[in-house]
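Working notes, beginning with the structure itself.
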Amino acid sequence: MLKFKRSNQTDSTTIIMRSMIVLVVVITLLSGVLTVVAIGHELLETSNINSNRIINSLKKTVIDGDNDWQNWRKNSTLDTSSTYVHVYNFRKDAHTKNYFSPNTYKLLASKPKKIPLVKGVIYSKKFGLLYYSSGHAKGIDYELWVDLESQLNLLERIILVTFIVLILILLISPMYIRIIVKRLMAPLIGLTDKIQDISQDQSEHAVRLEVPGKPTEVTNLTKSFNELLEQLDLKSQKEKTFMLNAAHELRTPIATIRSHAQLIRRRGEGHPEIISKSINYIDEETYQMQFLVDQLLLYARAENQAIQIKKYNLSKSVEEFVSKFNKEISQTIFLELDNHVFVSADEGNVNQILKNLLSNASKYSADNSNILVTIKKEGSHVVLEVQDHGSGIEKKDQDHIFERFYRGGKVRGNIPGTGLGLAISEKLAELNRITLNVKQSGTNGTTFVIIFNEIS
């Protein structure tokens with residue numbers, strides 16, 4: 081059964097909320113700063129345009145005397161309360177060198193200073209921030225200072241509005257984000273609660289989750305979880321069946337050993353002849369037990385072993401293996417192999433499968449019969465067949481021959497075996513992504529087929 085433990089760590093809802101709030105604050109601040117900078121720059125550009133317009137007006141007038149200055153003052157719409165003009169005539173015939181609009185002399189006397197990094201802006205303790213521009217025409221210099229107080233007031237209002245908007249966003253966004261996040265996370269939270277309930281369920285079979293219609297991610301997660309539960313249930317049932325079958329298979333030889341040991345204990349002294357007979361039975365049963373344990377270990381390793389799939393010459397490998405195995409059985413093995421047939425698989429696994437099939441063929445065939453091993457190419461596949469001329473497999477048993485510990489009714493008790501050989505072979509075939517099945521079965525023998533899906 082799956083176990084889930086609640087964590088003290090921050091949940092997804094809180095993490096998303098914090099991230100969204102930080103994102104909103106950062107975006108708002110950046111937007112506010114960029115807006116202020118953009119508007120400030122635009123105001124400076126406007127001041128620059130107005131200043132250049134006034135300078136150009138002065139250049140066209142050509143202020144070369146008091147009359148020119150007075151006429152320009154009368155005709156100009158210049159606001160002398162916020163604009164300061166200085167005209168310096170350095171011609172040799174000029175009677176008056178300097179002309180100042182009201183308060184311009186006081187401005188110069190205050191010694192204004194330039195503001196770093198901001199072109200054209202200066203600062204005076206008495207007059208505040210001003211925009212400075214100058215020009216020259218026909219031996220006359222023109223200087224202009226424009227008070228930026230109105231622009232600063234506008235900028236301050238913009239900053240205030242931006243600050244108010246930020247505060248409102250900070251107040252409103254958490255509530256809105258919380259609603260959105262809860263709406264998004266509600267299916268996942270519900271799924272988590274259901275999984276928690278399942279983890280506490282003590283029943284043998286876990287309850288399946290009801291698949292929600294939306295959102296898609298939670299729907300897919302629920303389906304995947306249900307599939308996982310089914311796999312775990314199936315694996316659990318297989319393990320229980322495996323243990324029961326293993327216990328059943330071991331119970332018979334253990335009972336035989338115990339009965340013969342008790343027989344020797346009760347009657348061994350009076351009947352010495354039964355000792356040798358009983359020891360032979362015990363030896364045979366312990367051999368069967370050892371063989372069964374070896375098969376069990378082999379099956380366990382087959383389920384979890386790391387395989388090394390690589391390209392190799394199947395024809396050569398089978399020929400070498402059969403030449404060695406032929407000496408271990410009474411039947412004769414014939415080979416019909418296409419030359420230089422290469423496949424991609426774990427060579428050791430394929431040899432183990434072949435060994436199990438040849439052992440079965442030998443076990444269920446007459447001693448003077450033949451076994452045929454063939455390798456051929458069929459389209460995009462390579463086919464390895466093992467054909468015997470034994471008693472065959474009954475049709476009712478064919479669907480169960482790859483099950484662990486399964487043995488047909490007509491061979492159980494008559495021919496020794498564990499019922500694990502074909503189960504091990506199927507597991508190894510599955511690990512190597514090759515197909516193992518029965519091509520033909522009947523009174524004339526059995527043909528097992530190994531199909532390699534791709535020629536490499």
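Per our numbering, the very first residue in the sequence shown carries number 81; after that it's consecutive.
Here a beta-carbon is modelled for each residue, glycine too, at the ideal position from N, C-alpha and C.
Is there contact between the segment 247–263 and the segment 195–211, where contact requires at least three CB pairs shorter than 8 Å?
The segment 247–263 makes no contact with the segment 195–211: fewer than 3 CB pairs, one atom from each, lie closer than 8 Å.
Closest to Ile249 by CA distance: which of Ile531, Ile101, Phe305 is it?
Locating residue 249 in the sequence shown gives position 169, where the first residue counts as 1. It is Ile101 whose Cα lies nearest to the Cα of Ile249.
Whole-angstrom C-beta distance between Phe422 and Lys391, which should lie under 8 Å
Here residue 391 refers to the residue found at position 311 of the sequence shown. Here residue 422 refers to the residue found at position 342 of the sequence shown. A Cβ-Cβ separation of about 6 Å places Lys391 in contact with Phe422 under the 8 Å criterion.
Under 8 Å between C-beta atoms of Glu416 and Thr454:
For this step, residue 416 is matched to residue 336 along the sequence shown. For this step, residue 454 is matched to residue 374 along the sequence shown. Yes, they are a contact pair.
Just how far apart, CA to CA, sit Lys177 and Asn151?
On the sequence shown, position 97 is the one that residue 177 refers to. On the sequence shown, position 71 is the one that residue 151 refers to. Those two C-alpha atoms are separated by around 17 Å.
Taking DSSP as the reference, what is the three-state secondary structure of His175?
In the sequence shown, counting from the first residue as 1, residue 175 sits at position 95. Looking at His175 - three-state DSSP - the assignment turns out to be coil, as it is neither helix nor strand.
Limits of the unbroken alpha helix (DSSP H) element including Ser403:
Here residue 403 refers to the residue found at position 323 when the sequence shown is read from its first residue. Unbroken alpha helix (DSSP H) run through Ser403: 394–405.
Would a check of beta-carbon distances place Leu452 closer than 8 Å to chain C?
The structure shown has no chain C; it contains just one protein chain.
Below 8 Å, can you find three or more Cβ-Cβ pairs linking the segment 189–196 to the segment 165–175?
In short, these stretches do not touch, since the Cβ pair count stays below three.
Do the segment 121–134 and the segment 257–272 make contact, defined as three or more Cβ pairs closer than 8 Å?
No, the segment 121–134 is not in contact with the segment 257–272.
Out of Val165, Glu307, Leu188, Ala335, state which residue places its alpha-carbon closest to the alpha-carbon of Tyr179.
Working through the sequence shown from its first residue, we reach residue 179 at position 99. The residue among Val165, Glu307, Leu188, Ala335 with its C-alpha nearest the C-alpha of Tyr179 is Val165.
I need the DSSP call for Asn436, collapsed to helix, strand or coil.
Here residue 436 is taken as the residue at index 356 of the sequence shown, counted from 1. Helix.
Look up Thr225 in the DSSP assignment and give the residues it is bridged to.
As a position in the sequence shown, residue 225 is number 145, starting the count at 1. Residue identity check: residue 225 is Trp in the sequence provided, not Thr. Per DSSP, Tyr164, Tyr212.
Whole-Å CB distance - Asn436 paired with Leu502, under 8 Å assumed:
Taking the sequence shown and counting its residues from 1, one reaches residue 436 at position 356. Taking the sequence shown and counting its residues from 1, one reaches residue 502 at position 422. Contact flag correct, Cβ pair sits at about 7 Å.
If you pair each beta-carbon of the segment 437–449 with each one of the segment 407–416, do three or more pairs fall below 8 Å?
Short answer: they touch.
Please state whether DSSP places His351 in a helix, a strand or coil.
Position 271 of the sequence shown, counted from the start, is the residue given in the question as residue 351. DSSP places His351 outside both helix and strand once states are collapsed to three, so it counts as coil.
Three Cβ pairs or more, each shorter than 8 Å: is that satisfied between the segment 217–234 and the segment 141–155?
Segments in contact, yes.
Beta-carbon proximity check, Phe528 vs Val466, cutoff 8 Å:
By one-based count along the sequence shown, residue 528 stands at place 448. By one-based count along the sequence shown, residue 466 stands at place 386. Contact: yes.
Should Glu297 go down as buried or exposed, given a rule of 16 or more other Cβ atoms within 10 Å for buried?
Looking up residue 297 in the sequence shown gives position 217. With a 10 Å radius around the Cβ and a threshold of 16 neighbouring Cβ atoms, Glu297 comes out exposed.
So which of Glu427, Ile481, Asn169, Leu312 has the shortest CA-CA distance to Leu397?
Walking along the sequence shown from the start, residue 397 turns up at place 317. According to the sequence shown, residue 397 is Ser rather than Leu. Nearest C-alpha to Ser397: Glu427.
Run the CB neighbour count on Phe243, radius 10 Å, all protein chains shown included, and call it buried at 16 or more, exposed below.
Taking the sequence shown and counting its residues from 1, the one referred to as residue 243 is at position 163. Within a 10 Å sphere around the beta-carbon of Phe243 sit fewer than 16 other beta-carbons, which makes this residue exposed.
Taking a contact to mean a Cβ-Cβ separation below 8 Å, would you say Ile504 touches Ile514 in this structure?
Indexing the sequence shown from 1 puts residue 504 at position 424. Indexing the sequence shown from 1 puts residue 514 at position 434. With a cutoff of 8 Å on beta-carbon distance, Ile504 and Ile514 are scored as not near each other.
By alpha-carbon positions, which one of Lys303, Gly120, Val104 ends up nearest to Leu251?
Here residue 251 is taken as the residue at index 171 of the sequence shown, counted from 1. With distances taken between Cα atoms, Leu251 lies closest to Val104.
Contact check, Gly525 vs Gly459, beta carbons under 8 Å:
Along the sequence shown, read from residue 1 onward, the residue named residue 525 stands at position 445. Along the sequence shown, read from residue 1 onward, the residue named residue 459 stands at position 379. No, they are not a contact pair.
Simplified DSSP assignment, three categories, for Asn419:
As a working mapping, residue 419 is identified with position 339 in the sequence shown. DSSP places Asn419 in the coil class of the three-state scheme, outside both helix and strand.
7 Å CB neighbourhood of Ile119 in its chain, flanking five on each side removed:
As a first step, residue 119 must be located in the sequence shown, where it is residue number 39. For Ile119, the CB contacts under 7 Å within the same chain, skipping 5 residues up- and downstream, are Leu235, Ile238 in chain order.
Start and end of the alpha helix (DSSP H) containing Tyr444?
Numbered from 1 along the sequence shown, position 364 holds the residue referred to as residue 444. The continuous stretches of alpha helix (DSSP H) do not include Tyr444, and DSSP gives it neither H nor E.
Per-residue burial, Leu500 [other beta carbons within 10 Å of its own, 16 or more giving buried]
Start at 1 with the first residue of the sequence shown, and residue 500 comes out as number 420. Buried.
Exposed or buried, which one is Asn512 when buried takes at least 16 other CB atoms within 10 Å?
As a position in the sequence shown, residue 512 is number 432, starting the count at 1. Buried, since its Cβ has 16 or more Cβ neighbours within 10 Å.
Relative to the C-alpha of Pro295, which residue among Leu268, Ile359, Val518 is closest?
On the sequence shown, residue 295 is found 215 positions in, with the first residue counted as 1. Per the Cα distances, Leu268.
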